[in-house]
Amino acid sequence: MIRKLLFVLIFLFLVSITGCTIVQPWERERLADPNMIFDENPIQKGIKEHYINIREGSEGGNGSQGGGCGCG
Amino acid sequence: MVVDKKILVFLIFFIPFVAYSQTEPADEIEFDINTYFDNFRLNVYYPYLNVTKNLGNNTTINGSYLVDAISSASMKMIFRVDGITSATNNKTGGSDNTPDELRHQLSLGITKIFSEISVSANGMYSIEHDYSSKTFAANLSIPFAKKNTILQLGYAGNWDKVFPQVRTWTKDRNTTTINLGLTQILSKNIISQLDFSFINMDGYMLDGYQVIRIINGSSFRVLEPVEPDKRVRKSVGLRTNIGISKNSSLQLGYRYYWDTWDIKSNTIDVEFKTHLSTMVNMTLGLRQYFQTKAYFFKSEYLTPEPFMGVDSKLNSGYTNDVSIGFTFKGDKSINFPLLSSDKFTLITNFGFYHRHTDSPDWIMRLSDLYAYLFTLGFKFSI
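Residue numbers (our numbering), protein chains in the order written: chain A, 1046 to 1117; chain B, 162 to 543.
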């Protein structure tokens, strides 16, 4: 059931990509805020993943640093 | 299919030269002191130093050094091993105030931007008295559609050696990780990321210290756990960051994980970030995790079986994790040492972690683990 839900979410994500409009670099003021960056501090993320991986049976799928305005 | 072969050839030849983001990292030094305390009487201190330097010509290098100092009361028990981390008693550990186990980790990396494509490679070496690990990782980041879409490819190879103090042998464990990520700007204030991970593990999966007690009437036998020597792990994660106001954002994430040991898990996380002022930023995090058990895990074994495991990581259960963090950015208007420099950022974080397993832990005989985590650090632009 949950797996099906996940595939529905992925499907919706992919559909949303194909349907979304291009956001121009000068329209990305909000996206350029550090708060909008995934894993703004990768060091802290790495430390958190380290202690979680020792205590839980799962690993991976946590994404990578990215986001922001991407206009650099 | 021809298309599939092309994709495969692309992955094989280009993944080892990988990357992260399109913008070059700033020159800076970060130093953190991280601490961990739990009700299993385990204390961990890990200072971390990271230096990033831009060499010009779109090239950045970074180096980091981490020390993991573990001390645990459970080491003084008969097994002389910590039930959570499998940290063991070092020569000077145990009842005195010196750490029971020290791990040193050194890593070096380089990032180069070719046109708009970012490529990075990192090497890491970690050593402790009964374990060593070598890692090579590479990332590639390719923007499309005026940088509205970014494709990220990642590869990591781990070559580990396990040589427990109480054994005479050395065994290998090799891990290959492949990540595929897609980051997409959906609107002026919404950005999403889809991530797929594939992890292949081969070799000795244990640490050489755990034991299984098989009780039969008035007698009992102590055996070593036996786990399969191969494990394939897959996970898919989706997260979205929404700018809910000028100063605040809300990140929602979900991850599904499954592997060949029959462990399946669901993770939900929420993160709220806000600028309390031009200098102070706050992050609130909430994470919930649910897991099924490995097919061979049992809370107790009555007879020896082909595969037997006691590690709590293989047990079914759930975890709750909450955290709050603040960063203080320095400003010339502040009349306080260090914070008067606009190149300085102070980092603080407090976390609470609760793990419940459906049967008690193999050594401490507890079903609930409560842990407290503190971080204090700084970043300094150079």
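Quick reminder that beta carbons are idealized off the backbone N, C-alpha and C, glycines included.
In this text the structure is predicted, and so the values were computed from the model without any measurement.
DSSP lists no bridge partner for A:ASN1098. Not a single C-beta of chain A is nearer than 9 Å to the C-beta of B:HIS290. Annotated three-state conformation of B:LYS474 is helix, per DSSP. Assignment of B:TRP320 by DSSP, reduced to helix, strand and coil, places it in the strand class.
Where B:ALA532 is concerned, the enclosing beta strand (DSSP E) starts and stops at 529-542.
The CB of A:GLU1104 comes closer than 8 Å to the CB of SER358, ILE360, ARG394, SER396, TYR418 in chain B, given here in chain order.
Close to chain A, meaning a Cβ-Cβ distance shorter than 7 Å, is no residue of the stretch 217-236 of chain B at all. Within the same chain, Cβ atoms closer than 6 Å to the Cβ of B:GLY446 are found at GLU432, SER484, the five residues on either side in sequence being excluded.
From the beta-carbon of A:GLU1072, the residues of chain B found nearer than 7 Å are LYS349. Taking C-beta separations shorter than 7 Å and ignoring five residues to either side along the sequence, the partners of B:ASN476 in its chain run LYS454, PHE458, THR518, ASP519, SER520, following chain order. Sixteen is the threshold: when 16 or more other Cβ atoms of the shown chains lie within 10 Å of the Cβ of B:TRP523, as they do, the residue is buried.
Contact of A:LYS1093 with chain B is assigned, a C-beta pair being separated by under 9 Å. For B:ASP482, the nearest CB of chain A lies under 9 Å from its own CB, placing it at the interface with that chain. In this structure, B:ARG526 lies away from B:THR480, with their beta-carbon atoms at least 9 Å apart.
Here B:HIS436 is bridged, per DSSP, to B:ASN442. Three or more beta-carbon pairs separated by less than 8 Å link the stretch 484-504 of chain B to the stretch 437-445 of chain B, which places the two stretches in contact.
Put simply, the CB of B:ALA455 is near chain A, with a gap under 9 Å to one of its CB atoms. For B:GLN326, there are no neighbours in chain A by C-beta distance under 8 Å, as the nearest C-beta there is about 19 Å away.
The beta carbon of B:ILE278 lies closer than 6 Å to those of ILE303 in the same chain, with the five residues before and after it left out. Only exposed fits B:TRP330, as fewer than 16 other CB atoms lie within 10 angstroms of its CB. Its Cα nearest to that of B:ASN200, the residue B:PHE513 stands out among B:PHE513, B:LYS540, B:THR536, B:ILE543. Remark: C-beta atoms of B:ARG394 and B:ASP420 approach each other more closely than 9 Å.
As DSSP reads the structure, B:THR480 sits in a beta bridge with B:TYR450, B:ARG516.
One Cα belongs to B:GLY364, the other to B:ASN309, and the distance between them is close to 41 Å. When rounded, the separation of the alpha-carbon atoms in B:ASN340 and B:ILE231 is 31 Å. Along the stretch 189-204 of chain B, going in chain order, the ones with a CB nearer than 8 Å to a CB of chain A are GLU191, ASP193, ASN195, TYR197.
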